[in-house]
Amino acid sequence: MLGQGGQSALSLLLLLPLLLLPLPLLLWQEAAAIEVPQDPKILQDLKQPPTIVRQSVKDYIVDPRDNIIIECEAKGNPVPTFLWRRNGRFFNIGKDPRVTMRKRSGTLEIGFRSGGRPEDYEGEYQCFATNEFGVALSNKILLRVSKAPLWPKEVLEPVSVSEGSSLVLPCNPPPGLPPPFTFWMNSAMSPIPQDKRVSMGLNGDLYFSNVLAKDAQTDYSCNARFLFTHTIQQKNPFTLKVQAKEQYNDTSYNASEPSGGRKLPESTPTFLSPSGSESSKMVLRDEELLLECIAAGLPTPTIKWFKKGGDLPARKVKFENYNKTLKILNVSEEDAGEYICMANNHLGSIRHSIFVQVKAAPYWLDKPTNLVLAPEENGRLVCRANGNPKPSIQWLLNGQPIDSAPPSLSRRLLGDTIMFDSVQIGGSAVYQCNASNQHGYLLANAFVSILDLPPRMLGPKNQLIKVIENNRTFLDCPFFGSPLPELRWFKNGQGSGLDGGQYRVYINGTLAIRQARPEDEGTYTCVASSMLGTAENQVRLEVKEPIRIVQAPQQQSPVRGAAARLDCKVTSDATMPVTVTWMKDDKPLYMGWRMRKDDDSLTISNVNEGDQGTYTCTVQSEIEQKSASARLTVLDRPAPPMELDLSDPAARSVRLTWIPGSDRGSPITQFLVQFEEDRWEANRWQNLSTYPGDLNSVILQLVPFVNYQFRVIAINAVGQSEPSGASPRYKTSGTVPDAIPRGLRGSGSKSDNMEISWEPLLDLERNGPNLHYSVWWRRVATEENWSHVTTAGFRHVVENTETYVPYEIKIQARNDFGTGPVSNVVVGHSGEDKPTDAPTDLRVSKVHSSSVVVHWKPVDLNSVRGEFKEYRLHYWRESSLVPGLVVSDDRSAKGFYSTVPEPTGVLSGLVPYSKYKMFMVVANNHFESPPSNAVEFTTKEGVPDVPSLFTLNRRSLDTIHLAWDKPSEPNGILIGYQLKYYSLNGSRTGRPKLETFYPNVTEFNLWLPSRSTRYKLELSALTRVGSGEVLVEELPHFTNEAYIDQVDIATQGWFIGLMCAIALIILILLIVCFIKRSRGGKYPVRDKKDLPLDPVDQKDQDGSFDYHSDEDNKPLQGSQTSLDANVKESDDSLVDYGEGGDGQFNEDGSFIGQYTVKKDKDETEGNESSEATSPVNAIYSLA
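Residue numbers (the working numbering): 460 to 1642.
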């Protein structure tokens, strides 16, 4: 760490470079140059010195056949005028009729239609563009006319050379402008083949490293092509005479040998070009460096290149002309040095050093640029260039040396820099910087413009800017003025300038709002001010809610043929309309018939493989755009496998290999291998085996004597692929049967035989031709010999057996290849016969309503004469104890398997209160014994079944009519019915209420206190034993919607109010009508008379129960009071008010009987008026 003394020393070291600077530079402060915006309104009024914008190249070569055009274009305000100097002297264009200058331009056009030679106008030209603020200069343009001189006529003697020697054929093309392009051809205009041995040098000469006899077969002519004239000039051809030691012909030349297979003296390498051991080369910076080494020798030498002290610049080096030419592109100073080329063959090698110097014409380090200053500002022009040798810098003012210009207090020349201090109006000028050395020059124009302009606003007036909430926002206010105005922002025309906190003002006038919020809305004013005046502009800002994709599309994998829905639910600012567009794989989505787009989603029906891709929903408003994407993968059954191949054949196996097809979006989980054989079931494909989805080569286990072919099916989660193509056939050899016939059994079809049967072998178990079965049998527990038979069928009948005798049986399959394995011995029996003994002493006990216990004495099992199966009880319902009930006498049977001495069984499922009969037999597999004694018994009374019918019909808004029918099986004497009902409120139930009825009552009117309450009804029938199964219904359950709607509407307040209003209006209209009618006379109004209401539920005298009147039909003891009551209905009728059939009209159309009251039958018409009771008359009297 440095101490205090060390820090002081360090400070002095840092200040030392500043102390070495000239004092004026330390005190001088440069103002930033003014950048003039490219606004047409400003540029139109902006005064500016001239600037050269287009000019011809410095070295300008023209075609003598064309007119000469020397370009010079400049801009400035006022528009510049032009003059030219030729060879340093003023060029008077007006005196030469061939020379014209284009309008508003300095470009010269020299025409030769009227004669003249282009060569007369060769020379150095320079253009001067002038206006009142300065003079700009073009480069000095050296104009030269292209030349294509003819080849000098010469007579060339044949060139004689020994075979194996080197040779150089000179070209020496005529000097042209620019130099021509040379190439070698023969007299037949065919190119001379060039290779490692024969090639053209950079100077155009043709070099032979060694001459062969075959080189004399053609002549050699150098050609020069001149670019401007597009002409080719041909030199007289050279003829070669090769002195060979042996005769040359096509058979004596071997192209694969270095010397063609001819015996020639070999020689070490020597250089044909360049000569000597070293040479030098000078090249300018940024040009191409071409170094050449061509060597002679036999065999032809190989050329290699090196750079002393370093590697060749690999990125810039190219080898051409069979490694004889080294090319370096864009040469720089570091490419200078010593380059070595080495030529060698197997006899030796030789080297040549080329010393390369890199010089440089002047090039810019710091090119002066135009400078725009306001009055009293400072500035500078810098002109720095480099080159080799170092270029000299010369400043000019308006085309004249700056030393000869009048002195100025605001201008100082400091070497390559001109300093400007406190510039004043009128100090505008064009300065030229010339940097030159012996290799060239650079000329640059830079004007200094002193500009004074009052502030101006450049942007559109009163612009409306809409931005998204919480986004960083920029309000532009482009302005200009000289000197540069000061800019301030105001919001809504109030307060101080906006800068700091949420706001930031940039130097270009832009106001940045860090995070736009709704409260930032308003009108913003930018004011630019300087000593020359002020200017202002306004921007109105509106802050909008952002677009939000609240439900973006999700990745989906639908199955082919299904529908896919991609959601894109959006919220946005209510004042900003948005559009939703869909893209697929970044391309607009074509909405075909399967595509349906709505506001929130895209639905694709019946998707297929072509619908697969990435879907993007783009939501766009006028100021914002948001997108969301999802991948749609269509799953489909896989493509079928391909290219089935069989390998590794064996007696009972073969390897099957295939290439899986596309999984179509769902991984393949299994491969199913199927086979087809043409011997037993041709053209029927059968499943062989399945394998995991990651296998494509398996060993198939096969059976003998089958001619197979295979196919493969791929399986994924969607389903199975189409089958693959069939494989080649593969035939297995035959062998003895492997399988034992299954299902071997013996049983008798008659009492004196035994039928032996088995399942035949499957076709794929035959293993060979001519399949037969060998069957053996003998009686059990005897020493009898086995009986034997061979058959091609699958059964054999043994005749003349004893009844139900056990036999041992075995079987074996055989074919032409031999016998298969023998089966295990099974036991079969000969046929059965009818049992001889019947069960005895059949009786019952413990008789209940639906079951009874059965007892019997068993038989001797030897009397069964077959396999004992069961004791079989036959029973039937003979009648019911209920009077008048008709029953079915269908017989039923139940088996009991028992070998105990005193067997018993329970017979259940009986109908209560019925009379039954039954008997019992013993049974084997085929026969029953004679019947036992018959037994009769009667079941006890039980509870009844459910009523066979239960209907509910609404009679009025609060009355339900219930109807039911008797149970199909009363199971006893029916004593009545009971109805239990209670209200339902969610999971809670109300207090139950009970109604009981006589057995002859099958209907009931139930009054419901509340129309909107749900009720549960439970109905059951009764016997002396108790109540039977319950039938349940719930209310309301009616489906008459019109009626339900009527009930619902009638309870609504609005409906009641509407009806009252209508009634009031009708009443008023009626009163008005009555008043009008009363003026024409009085009409009698009779008192209405209430008539008694007839009972509504009187029943026919058919024995049914009417609980309204008769004493005999009172409820059963203990029943509750019914909710039903006699509802007295009004007997008012439309007829009573003149709407009925008795109403009449008088002669003037008035309705006479409108308010006449209907009388009883014994009353007569024409009674006195009842005006005292008429409300109409009362109202009329008041009127």
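All C-beta atoms in this analysis are idealised placements derived from N, C-alpha and C, irrespective of residue type, glycine included. Owing to the predicted nature of the structure, the values given are computational and were not obtained by experimental measurement.
DSSP places W1117 inside the beta strand (DSSP E), whose first and last residues are 1112–1118.
Residue state for Y781 is assigned as coil, using DSSP reduced to three classes. Checking the DSSP bridge columns, you'll see K694 has no partner listed.
Nearest neighbour of G582 by Cα position, chosen from A1185, L806, Y519, turns out to be Y519.
Among the bridge pairs identified by DSSP, L1453 is matched with K1439.
Nearest to C681 by alpha-carbon distance, out of P632, T688, L671, is P632. Relative to the Cα of L567, the nearest Cα in the group Y584, I528, G918, N804 belongs to I528. Remark: fewer than three beta-carbon pairs, one from each stretch, lie closer than 8 Å, so the region 1114–1132 and the region 1035–1051 are not flagged as touching. Closest by C-alpha distance to I1158, out of F1164, S1148, V1165, is S1148. Nearest to D1197 by alpha-carbon distance, out of S1186, E1218, E1224, is E1224.
Note that the C-beta distance between V1306 and T1398 is below 8 Å. Look at D862 here: in three-state DSSP terms it is helix.
Beta-bridge partners of F541 (DSSP): A588. Beta-bridge partners assigned by DSSP to V1380: R1331. Q1013 carries a coil assignment under DSSP once its states are collapsed to helix, strand and coil. Taking the CA atoms as reference points, T1128 sits about 23 Å from V1066. Contact annotation: the region 532–545 touches the region 501–515, with at least three C-beta pairs closer than 8 Å. When the Cα atoms are used, S668 and F687 turn out to be separated by approximately 34 Å. Looking at the DSSP output, Y822 shares a beta bridge with N845. The region 992–1010 makes contact with the region 1071–1083; the number of CB pairs closer than 8 Å reaches 3 or more. In the structure shown, the three-state DSSP call for A1185 is coil.
Excluding the 5 residues flanking it on each side, L1320 has same chain C-beta neighbours closer than 8 Å at F1327, T1358, in chain order. Each residue's CA atom was taken as its position, placing A994 and L943 some 12 Å apart. The beta-carbon distance between N598 and L902, rounded to whole angstroms, is 5 Å. This is short enough to meet the 8 Å contact definition. Judged by pairs of C-beta atoms under 8 Å, the region 802–812 does not touch the region 832–840, as fewer than three such pairs exist. Per DSSP, F879 is one residue of the beta strand (DSSP E) stretching across 876–879. Between the alpha carbons of R1238 and Y1266 lies a gap of roughly 4 Å. In this structure, DSSP gives K920 a state outside helix and strand, which the three-state scheme calls coil. Residue state for Q503 is assigned as helix, using DSSP reduced to three classes. Taking one beta carbon from each stretch, the region 749–769 and the region 792–801 have 3 or more pairs nearer than 8 Å; the two touch.
The secondary-structure analysis by DSSP pairs D1026 across a beta bridge with S1060. Its Cα nearest to that of G1325, the residue Y1263 stands out among M1054, Y1263, D1070, A1141. Annotation for F1514: the continuous alpha helix (DSSP H) segment containing it runs 1512–1537. By the 16-neighbour rule on beta-carbons within 10 angstroms, S1180 is buried. A residue is called buried when at least 16 other Cβ atoms come within 10 angstroms of its Cβ; I1525 does not meet this threshold and is exposed. Here V1195 has N1226, G1227, R1273, N1274, F1276, G1277, T1278, G1279 as same chain residues with Cβ atoms under 8 Å from its own Cβ, once five neighbours each way along the sequence are excluded.
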